[in-house]
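Sequential numbering from 25 applies to the sequence shown in this note's numbering. Have a look at the structure below, then the notes.
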Amino acid sequence: MFPRIIFAILMFLFPLSTWARVRTVDVKKDQIVTVRTALGVATIIQVPDRPNSLVVGDQSAFKVEYLDQAITIKPLRGSARSNLYIYTDYRRFNVQLVSGPEGAADYVVYLENPQEKIKSSAIGWRNFRNHLKNESLVFETRRLANTADGVLLIEFEVSSSTREKFRPDWLWLTQGGMTRPIHSLALSGQDLGNSRSIKGVIQVLKSDASTGEALRIELRRKKNSHLTIPKGVAWK
25 MFPRIIFAIL
35 MFLFPLSTWA
45 RVRTVDVKKD
55 QIVTVRTALG
65 VATIIQVPDR
75 PNSLVVGDQS
85 AFKVEYLDQA
95 ITIKPLRGSA
105 RSNLYIYTDY
115 RRFNVQLVSG
125 PEGAADYVVY
135 LENPQEKIKS
145 SAIGWRNFRN
155 HLKNESLVFE
165 TRRLANTADG
175 VLLIEFEVSS
185 STREKFRPDW
195 LWLTQGGMTR
205 PIHSLALSGQ
215 DLGNSRSIKG
225 VIQVLKSDAS
235 TGEALRIELR
245 RKKNSHLTIP
255 KGVAWK
């Protein structure tokens with residue numbers, strides 16, 4: 025219902041040239057949807073269920089933020105390309121982001137489910153609450169999930185008692201003193217303080233880690249702090 029209302033408002037407010045840049049895609053299972061972006065244009069992707077995590081292939085190419093069911097995409101350079109995974113409680117949407125000329129950019133793209141929700145693509149999230157404090161910052165894990173293709177998803181939230189910007193390079197993963205790669209990091213924003221927190225998801229490839237060891241999340245700033253995810257919890 026909500027997307028239909030937006031459609032009606034857009035048709036009333038904008039000319040046909042703009043309306044042509046608003047489209048709906050009925051997404052089949054494992055379908056890859058191409059979304060066209062451009063420098064200076066904020067493209068919105070709307071999904072039927074609230075996303076619980078986003079994974080961007082090339083974080084240096086696109087700025088991706090989300091609020092409720094709307095995901096805002098802004099390219100950071102011309103001719104950029106990246107894949108984007110949008111995870112909801114019911115399925116995963118596969119998106120190919122392409123940056124090109126402004127005249128060809130999408131303004132709004134609605135990704136819709138077939139009538140029957142695809143439960144086979146659902147992510148089996150499980151609660152895992154742990155936290156660390158580092159000066160004014162509090163980093164708290166919320167949930168974990170393991171996908172069928174060997175990916176560990178770590179959902180977290182960060183808050184701060186002071187106004188500051190969260191920097192992704194503060195986050196590190198280690199096992200037994202050895203650094204492990206963060207395959208991808210999705211953030212809902214960077215601004216902290218004034219009762220504002222940010223949510224995010226860390227993606228770790230099973231092939232990049234040791235399933236026989238606990239996983240340590242470190243926050244490295246002026247001081248280092250860490251929390252541990254036990255091996256029996258991380259690798260289900």
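Note that beta-carbon positions come from the ideal geometry of N, C-alpha and C, so glycine has one too.
When you compare the CB positions of residue i and residue j, do they come within less than 7 Å of one another, or not?
{"i": "Val225", "j": "Glu188", "result": "no"}
{"i": "Val71", "j": "Gln55", "result": "no"}
{"i": "Leu156", "j": "Ser221", "result": "no"}
{"i": "Val132", "j": "Val49", "result": "no"}
{"i": "Trp149", "j": "Ala169", "result": "yes"}
{"i": "Asn151", "j": "Thr165", "result": "no"}
{"i": "Ser219", "j": "Ser185", "result": "no"}
{"i": "Ser208", "j": "Val79", "result": "yes"}
{"i": "Gly81", "j": "Asn118", "result": "no"}
{"i": "Arg105", "j": "Val88", "result": "no"}
Quick check: what's the CA-CA separation for residue i versus residue j?
{"i": "Thr198", "j": "Ser77", "result": "22 Å"}
{"i": "Gln120", "j": "Gly102", "result": "15 Å"}
{"i": "Pro254", "j": "Gln83", "result": "28 Å"}
{"i": "Pro75", "j": "Tyr111", "result": "6 Å"}
{"i": "Glu181", "j": "Gln214", "result": "11 Å"}
{"i": "Ile30", "j": "Ile69", "result": "Confidence at Ile30 is low in this model, with a pLDDT of 45, below 50, so the placement of that residue should be treated as unreliable; the coordinate-derived value is given next. Roughly 13 Å between the two C-alpha positions."}
{"i": "Ile147", "j": "Ala210", "result": "17 Å"}
{"i": "Asp279", "j": "Trp259", "result": "Outside the displayed range of the chain (25 to 260) lies residue 279, so it cannot be described from this structure."}
{"i": "Asn137", "j": "Val175", "result": "24 Å"}
Does DSSP put residue i in a helix, in a strand, or in coil?
{"i": "Trp196", "result": "strand"}
{"i": "Gly224", "result": "strand"}
{"i": "Lys98", "result": "strand"}
{"i": "Val59", "result": "strand"}
{"i": "Val51", "result": "coil"}
{"i": "Val88", "result": "strand"}
{"i": "Ser212", "result": "coil"}
{"i": "Val119", "result": "strand"}
{"i": "Val65", "result": "coil"}
{"i": "Val257", "result": "helix"}
{"i": "Gly217", "result": "strand"}
{"i": "Lys230", "result": "helix"}
{"i": "Ala128", "result": "helix"}
{"i": "Tyr114", "result": "coil"}
{"i": "Ser249", "result": "strand"}
What does a CB cutoff of less than 7 Å around residue i pick up in its chain, not counting 5 residues either side in sequence?
{"i": "Asn158", "result": "Leu243, Arg245, Lys247 and Ser249"}
{"i": "Trp196", "result": "Thr203, Glu242 and Arg244"}
{"i": "Ala172", "result": "none"}
{"i": "Pro125", "result": "Ala62"}
Given residue i, which residues of its chain have a CB within under 8 Å of its CB, disregarding the five upstream and five downstream residues?
{"i": "Thr67", "result": "Val59, Arg60, Thr61, Thr96, Ile97, Lys98, Ala129, Asp130, Tyr131, Val132 and Val133"}
{"i": "Val257", "result": "Phe152 and Leu168"}
{"i": "Gly200", "result": "Ser234 and Glu237"}
{"i": "Lys141", "result": "Unreliable positioning characterises Lys141 in this predicted model, as indicated by a pLDDT of 48, which lies under 50. A coordinate reading is not provided."}
{"i": "Leu22", "result": "Outside the displayed span of the chain (25 to 260) sits residue 22, for which this structure offers no information."}
{"i": "Leu251", "result": "Asn154, His155, Leu156, Phe163, Thr165, Arg240 and Ile241"}
{"i": "Ala85", "result": "Pro99, Leu100, Arg101, Ala104, Arg105, Ser106, Leu121 and Ser123"}
Run the CB neighbour count on residue i, radius 10 Å, all protein chains shown included, and call it buried at 16 or more, exposed below.
{"i": "Thr203", "result": "exposed"}
{"i": "Leu135", "result": "buried"}
{"i": "Ser231", "result": "exposed"}
{"i": "Leu216", "result": "buried"}
{"i": "Arg191", "result": "exposed"}
{"i": "Leu239", "result": "buried"}
{"i": "Leu100", "result": "exposed"}
By Cβ distance, which residues of its chain are closer than 6 Å to residue i, with the 5 residues on each side in sequence left out?
{"i": "Ser183", "result": "Val162 and Ser221"}
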